[in-house]
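Protein chains in written order, with the working numbering: chain R, 3 to 261; chain X, 699 to 1270.
Right, one structure below, let's go through it.
The following block contains the structure:
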């Protein structure tokens, strides 16, 4: 016993006096969405539409191929790329959240939409998922392998649940507070990564592979329009001011650079 | 008889009171100046004055000191997503965390001071203040006692639930996901080697294992196997068994499909209730009943699993190979056992704990190899060793060290003096060789699994490959996170730089191990200090030969003497 104590003491002492740096690249610099203090849902008639295209500004980045380290038969069947930065034709930027920052009144969530995030070929689909506060997200497992759904929430309760290979559907408890985007990982397959934004109102859109987004049924008024992108950051410090007219359509495009 | 009854009753009453006292979790007092003072004096060096886990000593520690501001606590008796109880925090402060740098403070701080610190730590995360209800604790009721049958069921679950992904086939933390795991702060983290109970951060009692399993280890990759995410939640054990059969079918008939759908509906209902409960919806009596029934099955399974995990470890950490435990090479006549010979099972291994080498740059502050276990046999001409050690990864040099450009690979070195010190006061060679007294080394690398190189070293960085390599026979295996290295050598060699072995002589022996995937290279490695090994003398044969021989010789001498005297007398 004594030998262990002495050894641990030696290690401790050495640790205190000698410096070897361990670099920690933490997620702390992930920017957050901005939510209104309160939101009241009511029916919206003759609302306007905000639409636009988000493009990537800069040289076409090279797609980063993911290293598949296990379950090759299922996970490695096709080549997989890091979805942190997906730039399509004409520099279209996928997976950008575009949203209204300061809306306090508007339509209710579309309750009919099924909220599902799939784990297929050991990749999360979609890569960015909007989840309304108070609504359950169902995790699907289309792979015949074990996954664990690890959601790094800090305002809401963090989640880390095993979804075994035979569990096709696993609904997750609804959260109470708006938060995000929070990182989603599968520790079993370390390359799997996605984002969930828990939101208090429905005026959130995620750009498709053409970089397009649409926010519909926006009550007439002037709003701050924000964006968020995993690799390009957000504009919550200096959002775009946009005026929506009843029944009208406004266009707002964005060009984002790597942060 | 009556007395006996009274005594039993007394024991019962006292026992119950004792259990009540033990299970009655205490709450921390209000945060105070006093707590802050104690914290800043005793805790802030590692955990930082703001509780961010960024104290002055933090950068060298792995696992990193807890960052209290995120509210992620690994060791809890509470359900997944819940904060710990005050008692949890108090216990960790009191007992420390094995396998990490967190010491126990039982003697350094009074119980009062520890409670004050608990109160102060809670101020770093708003969740403690904001929580409306006390945290839901994991119930330990209905514990299933340890039995072979329970272990067997647990073993099945271990595979079924995917524990193998990280912890490996037999629990040595060598699962295929092990090398890529990171914690919530993006630090690399290794899954527990379940066969080494003494390294479990939160203790290795069956109850501890049960709680870690149900509640998960927050901030780490270890998921919570809480109710609704459990395999076939809501089904009875029989139903679950049937559904597993159905799920494993390649093709289902319509009836099978129908049956499995019914099971899924039943599961969905139970899951829905469990989620309602977590979301704070009040359950009806019927729902509560259904939930309780479902959880009963989950908890039963979890106890089986905890029993299985418990079965993987020895009851206590083995004693180091000193005193009565020195490594004794056993004599056998004839052929020495091969690497997979059953004879090894008859010999008890000696345990040599390893620590990180932190004297010479580059250092190893975060060792991943716990110890090397050794067995040995010898015969009239040869000695054979079996070295056994756990390493979570099999690394043969595919990746290179950034600073030196050398390949990173697993390795083991066994160290002897060139000349055995004579007598207990004679100086041993300086550790790892130095100056006048060189050491004789066997160096094995995973990239050359059937080769051991002999070296002579006169200092930690002054090792030379011997010109004359003895005829060493070497075999090695790597299975389920464990290396076995088998080395056989002649007792005597012609080479003056080699150690010559003799029965009954106590020989210093030491070890170094490298885990390539942990960045171990050159002096960045794990080491032991000097231990001792001996070719255990053979008592049997000599005992029967020498005494009679001496008796006969003495008798002969006497007879001869007598004859000589008689002869002289007769002459005179």
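The C-beta atom is built at its ideal place from N, Cα and C for all residues, glycine as well.
Does any residue of chain R bring its CB to less than 8 Å from the CB of residue i?
i                       : result
residue 719 of chain X  : Annotation note: pLDDT 47 at residue 719 of chain X (below 50); position unreliable, no value reported.
residue 874 of chain X  : yes
residue 1255 of chain X : no
residue 969 of chain X  : yes
residue 1234 of chain X : no
residue 749 of chain X  : no
residue 855 of chain X  : no
residue 852 of chain X  : no
residue 768 of chain X  : yes
residue 927 of chain X  : yes
residue 859 of chain X  : yes
residue 922 of chain X  : yes
residue 955 of chain X  : no
residue 1097 of chain X : no
residue 806 of chain X  : no
residue 1103 of chain X : no
residue 916 of chain X  : yes
Please list the terminal residues of the continuous beta strand (DSSP E) segment that includes residue i.
i                       : result
residue 1198 of chain X : Looking at the DSSP string, residue 1198 of chain X is not in any beta strand (DSSP E), and its letter there is neither H nor E.
residue 1153 of chain X : 1150 to 1155
residue 1176 of chain X : 1171 to 1177
residue 936 of chain X  : It is not in any beta strand (DSSP E) - residue 936 of chain X instead sits in the alpha helix (DSSP H) that spans 935 to 945.
residue 196 of chain R  : 195 to 201
residue 218 of chain R  : 214 to 220
residue 182 of chain R  : 181 to 187
residue 1096 of chain X : 1094 to 1098
residue 258 of chain R  : 256 to 258
residue 58 of chain R   : 50 to 58
Report the partner residues of residue i according to the DSSP bridge assignment.
i                       : result
residue 1224 of chain X : X/1054 and X/1211
residue 120 of chain R  : R/127 and R/142
residue 1188 of chain X : X/1080
residue 816 of chain X  : Bridge partners of residue 816 of chain X: none, in fact.
residue 1113 of chain X : X/1139 and X/1208
residue 207 of chain R  : R/100
residue 172 of chain R  : R/141
residue 107 of chain R  : R/42
residue 783 of chain X  : Answer is none; residue 783 of chain X lacks a bridge partner.
residue 236 of chain R  : R/230
residue 1346 of chain X : Look at the range of chain X in this structure, 699 to 1270, and you will see that residue 1346 of chain X is not part of it.
residue 1044 of chain X : In DSSP, residue 1044 of chain X forms no bridge with anything.
When you compare the CB positions of residue i and residue j, do they come within less than 8 Å of one another, or not?
i                       : j                       : result
residue 822 of chain X  : residue 766 of chain X  : yes
residue 1226 of chain X : residue 1209 of chain X : yes
residue 677 of chain X  : residue 911 of chain X  : The structure shown does not extend to residue 677 of chain X, since chain X is modelled only from 699 through 1270, so no value can be given for it.
residue 197 of chain R  : residue 184 of chain R  : yes
residue 842 of chain X  : residue 967 of chain X  : no
residue 642 of chain X  : residue 53 of chain R   : The first residue shown for chain X is 699 and the last is 1270, placing residue 642 of chain X beyond what the model contains.
residue 1075 of chain X : residue 1110 of chain X : no
residue 97 of chain R   : residue 232 of chain R  : yes
residue 1036 of chain X : residue 995 of chain X  : no
residue 985 of chain X  : residue 148 of chain R  : no
residue 973 of chain X  : residue 170 of chain R  : no
Consider the Cβ of residue i: report whether some Cβ of chain X lies at a distance smaller than 8 Å.
i                      : result
residue 111 of chain R : no
residue 175 of chain R : yes
residue 148 of chain R : yes
residue 27 of chain R  : For residue 27 of chain R, the predicted model reports a pLDDT of 39, less than 50, meaning its position is unreliable; a value from the coordinates is still stated below. So yes, residue 27 of chain R belongs to the interface.
residue 115 of chain R : no
What are the start and end residues of the alpha helix (DSSP H) that includes residue i?
i                       : result
residue 1037 of chain X : Unbroken run through residue 1037 of chain X: none, as it is neither H nor E.
residue 910 of chain X  : 904 to 913
residue 737 of chain X  : 731 to 740
residue 765 of chain X  : Run containing residue 765 of chain X: none; DSSP gives neither H nor E here.
residue 244 of chain R  : Note, residue 244 of chain R: premise wrong, no alpha helix (DSSP H); beta strand (DSSP E) at 242 to 246.
residue 854 of chain X  : 846 to 858
residue 974 of chain X  : 952 to 977
Counting only Cβ pairs nearer than 7 Å, list the residues of chain C close to residue i.
i                      : result
residue 154 of chain R : The chain inventory of the structure shown lacks chain C, comprising the protein chains R and X.
| What residues from the region 159 to 172 of chain R come within 9 Å of chain X, judged by C-beta to C-beta, listed N to C? | 159, 160, 161, 162, 163, 164, 165, 166, 167, 168, 169, 170, 171 and 172
| message | Output needed in chain order: residues of the region 189 to 203 of chain R with a Cβ under 9 Å from some Cβ in chain X. | response | 189, 190, 191, 192 and 193
| request: Please list the residues of the region 64 to 77 of chain R that have a C-beta atom closer than 7 Å to any C-beta atom in chain X, keeping them in chain order. | output: 71 and 72
| request: Can you give me, in chain order, the residues of the region 1150 to 1176 of chain X that have a beta carbon less than 8 Å from any beta carbon in chain R? | output: none
| Positions along the region 969 to 1002 of chain X whose CB lies within less than 7 Å of some CB in chain R | 969, 973, 976 and 977
| field | Residues in the region 877 to 902 of chain X having any Cβ partner in chain R nearer than 8 Å | value | 877, 878, 879, 880, 882, 883, 884 and 885
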